[in-house]
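Novice: Residue numbers (UniProt numbering), protein chains in the order written: chain D, 1 to 201; chain L, 1 to 201.
Below is a structure I'd like to ask you about.
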DNA sequence: CCTACCGATCGGTAGG
DNA sequence: CCTACCGATCGGTAGG
């Protein structure tokens, strides 16, 4: 009844959350396949064996991390604001939320975007990710159908490039310095919807 | 004096080019760290040890592949067309050429974009890549300074998002079907410079 | 290019 | 019986 984790009381040990957070940090630095359990142990300040007290194995660590990212994205899909109103407005909302989730769950989404399907865990994550992609792709097509988006570009290609720009955030965004998530989303939407060319150009 | 590679005469064996091409294909499928020399051997139809007849090691295979990508990008930087005229026109030319090189050297650039600096080879490639990034970043700033690009967005952020959209091509482009490199560049430039919003919207 | 291997390290598990 | 690990080692595989 005092503390959930007695070890933490003494300033030692790890809870499931800290193990996951540190592991994902190392995975993103070295790559999942490039990270050994020994490296993970070093980063956690415990022995390699002690990791297995906290988590069934390396792959489950990956699975939990990928769920963090995917659950965030699917919470957005389930939101009523993604389902009512003009398609262009829903698309804008989804893009804004995507940037927010990317920034909020940066290490988890970063890991997700690097998954290539090397295991059952990775394949399952890829399938969930593709499902989210299809959702956004459908939104772009609806926006094109209602005439909100220019007709001279292929909606499927537009979706790809949109994701490219949004997902690239994981490649360079540093929470400590630079733009906030809102500033980031604002600039992104301005460029995407209104273009880069100077209005007086 | 008959054939450069005697093994090839009998319809067997590999030349340095085929070894590199097949290896890069496997690296892109499974990830460099996720690929063992045994897997590579299987893909090449030879034993693991036989690979060392063709190439000094796994890392040199990576180094050669990364050079393919980087040499293409730097040939562009050295071109006079990247150095004269209005910044906006030079930027457009560089973006168009970037798409062309990405498509022409797709597997090599794909590999380059996934490098995280896990070895000296990877760190050297990352540094060359950053040099190219700085070149484009400078172009964007020049275009902003001459007033060709809207003043209400940060040029550094614009550069990041530009690269995000362009580089995402490696994530989904299939040479066999879909748009040509020229169509791709055209759509990309339309969206980036003129925006997604319908001109009548 | 293959057979026969090496030093070391891999992810994961034993008893205490 | 529990939590939170440790030192040592398992069967296999890594790059060479």
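Cβ coordinates follow ideal geometry from the N, Cα and C atoms, glycine included.
Here the structure is a predicted model, which means the values were calculated and not measured.
Find the residues of chain D that neighbour residue 160 of chain L, judging by a C-beta separation of less than 7 Å, and give them in chain order.
Specialist: Simply 168 and 172.
Novice: Consider the Cβ of residue 106 of chain L: report whether some Cβ of chain D lies at a distance smaller than 9 Å.
Specialist: No, its Cβ sits nowhere closer than 9 Å to a Cβ of chain D.
Novice: Can you give me the C-alpha to C-alpha distance between residue 152 of chain D and residue 172 of chain D, rounded to a whole angstrom?
Specialist: In a straight line, the C-alpha of residue 152 of chain D is about 31 Å away from that of residue 172 of chain D.
Novice: Where residue 193 of chain L and residue 191 of chain D are concerned, what is the direct C-alpha to C-alpha distance, given to the nearest angstrom?
Specialist: If I take the Cα positions, the gap works out to 8 Å.
Novice: What are the boundary residues of the alpha helix (DSSP H) that residue 95 of chain D is part of?
Specialist: That run of the alpha helix (DSSP H) goes 87-104.
Novice: Taking the C-alpha atoms as reference points, what is the distance between residue 167 of chain L and residue 125 of chain L?
Specialist: Each residue's alpha carbon lies about 16 Å from the other.
Novice: Kindly list the residues whose CB is nearer than 7 Å to the CB of residue 107 of chain D, restricted to its own chain and excluding five residues on each side of it in sequence; keep chain order.
Specialist: Contacts found: 24, 25 and 28.
Novice: List, from N- to C-terminal side, the alpha helix (DSSP H) runs of 4 residues or more that fit wholly inside the segment 106-162 of chain D.
Specialist: For the segment 106-162 of chain D, whole alpha helix (DSSP H) runs of length 4 or above, ordered along the chain, are 106-114 and 120-145.
Novice: With residue 144 of chain D and residue 155 of chain D assumed to form a contact (beta carbons below 8 Å), what rounded beta-carbon distance in angstroms separates them?
Specialist: Contact holds; Cβ gap of about 5 Å.
Novice: Return yes when the Cβ of residue 66 of chain L is within less than 9 Å of the Cβ of residue 102 of chain L, no when it is not.
Specialist: No. Outside cutoff.
Novice: What's the gap between the Cα of residue 49 of chain L and the Cα of residue 38 of chain L?
Specialist: Rounded to the nearest angstrom, the two C-alpha atoms are 9 Å apart.
Novice: Buried or exposed: residue 105 of chain L, going by 16 or more other Cβ atoms within 10 Å of its Cβ?
Specialist: Classification of residue 105 of chain L: buried, given that the 10 Å Cβ count is 16 or more.
Novice: Classify residue 177 of chain L as helix, strand or coil using the three-state DSSP reduction.
Specialist: Residue 177 of chain L: coil per DSSP, three-state reduction.
Novice: Are the C-beta atoms of residue 152 of chain L and some chain D residue less than 9 Å apart?
Specialist: With 9 Å as the cut-off, residue 152 of chain L counts as an interface residue toward chain D.
Novice: To which residues does DSSP link residue 197 of chain D through a beta bridge?
Specialist: Paired residues: L:149.
Novice: Use the C-beta contact count for residue 32 of chain D: other C-beta atoms within 10 angstroms, 16 or more gives buried, fewer gives exposed.
Specialist: Residue 32 of chain D is buried by the Cβ-count criterion.
Novice: Looking at chain D, is there any beta carbon in it that lies within less than 9 Å of the beta carbon of residue 196 of chain L?
Specialist: Cβ-Cβ to chain D under 9 Å: yes for residue 196 of chain L.
Novice: Under 9 Å between beta-carbons, which chain D residues line up against residue 110 of chain L? List them in chain order, please.
Specialist: The premise fails here: residue 110 of chain L is roughly 11 Å from chain D at the closest Cβ pair, so nothing lies under 9 Å.
Novice: Give me the residue from L:148, L:157, L:17 and L:116 with the minimum Cα distance to residue 134 of chain L.
Specialist: Here the closest residue by C-alpha is L:157.
Novice: Helix, strand or coil for residue 14 of chain L, going by three-state DSSP, please let me know.
Specialist: Correct three-state label for residue 14 of chain L: coil.
Novice: Apply the 10 Å Cβ neighbour rule to residue 84 of chain D and answer buried if 16 or more other Cβ atoms are within range, or exposed otherwise.
Specialist: Exposed, by the Cβ-count rule.
Novice: What's the C-alpha gap between residue 92 of chain L and residue 68 of chain D?
Specialist: Approximately 39 Å between the Cα atoms of the pair.
Novice: Does residue 148 of chain L get closer than 9 Å to chain D when you measure Cβ to Cβ?
Specialist: Taking Cβ atoms only, chain D reaches closer than 9 Å to residue 148 of chain L, which makes this a yes.
Novice: According to a CB-to-CB cut-off of less than 7 Å, which residues of the segment 178-195 of chain L neighbour chain D?
Specialist: Of all residues in the segment 178-195 of chain L, 179, 187, 188, 190, 191, 192, 193, 194 and 195 have a Cβ within less than 7 Å of some Cβ in chain D.
Novice: When you compare each of L:89, L:35, L:86 and L:94 to residue 205 of chain L by their alpha carbons, which one comes out closest?
Specialist: The structure shown does not extend to residue 205 of chain L, since chain L is modelled only from 1 through 201, so no value can be given for it.
Novice: Please report whether the beta-carbon of residue 157 of chain L lies at a distance below 9 Å from any beta-carbon of chain D.
Specialist: Yes - at least one Cβ of chain D is within 9 Å of the one on residue 157 of chain L.
Novice: So residue 87 of chain L and residue 142 of chain L are in contact, right, with Cβ under 8 Å, and what is the actual spacing, rounded?
Specialist: About 4 Å; that satisfies the 8 Å criterion.
Novice: Please state whether DSSP places residue 77 of chain L in a helix, a strand or coil.
Specialist: Here residue 77 of chain L sits in helix by DSSP.
Novice: Would you mind sorting residue 122 of chain D into buried or exposed? The rule is 16 or more other CB atoms within 10 Å of its CB.
Specialist: By the 10 Å Cβ count, residue 122 of chain D comes out buried.
Novice: Excluding five sequence neighbours on each side, which residues of the same chain lie with their C-beta closer than 8 Å to the C-beta of residue 163 of chain D?
Specialist: Cβ within range, chain order: 133 and 136.
Novice: Within the continuous alpha helix (DSSP H) that includes residue 205 of chain D, where are the two ends?
Specialist: No information on residue 205 of chain D is available, as it lies outside the stretch 1 to 201 that chain D covers here.
Novice: Please report the Cβ distance between residue 99 of chain D and residue 179 of chain D, rounded to the nearest whole angstrom; I am assuming they are in contact, meaning their Cβ atoms lie under 8 Å.
Specialist: Between residue 179 of chain D and residue 99 of chain D the Cβ distance is about 10 Å, and since that is not below 8 Å, they are no contact.
Novice: What does the alpha-carbon distance come out to for the pair residue 130 of chain D and residue 70 of chain D?
Specialist: Rounded to whole angstroms, residue 130 of chain D to residue 70 of chain D spans 11 Å at the Cα level.
Novice: Anyone know if the C-beta pair for residue 40 of chain D and residue 61 of chain D falls short of 9 Å?
Specialist: Contact: yes.
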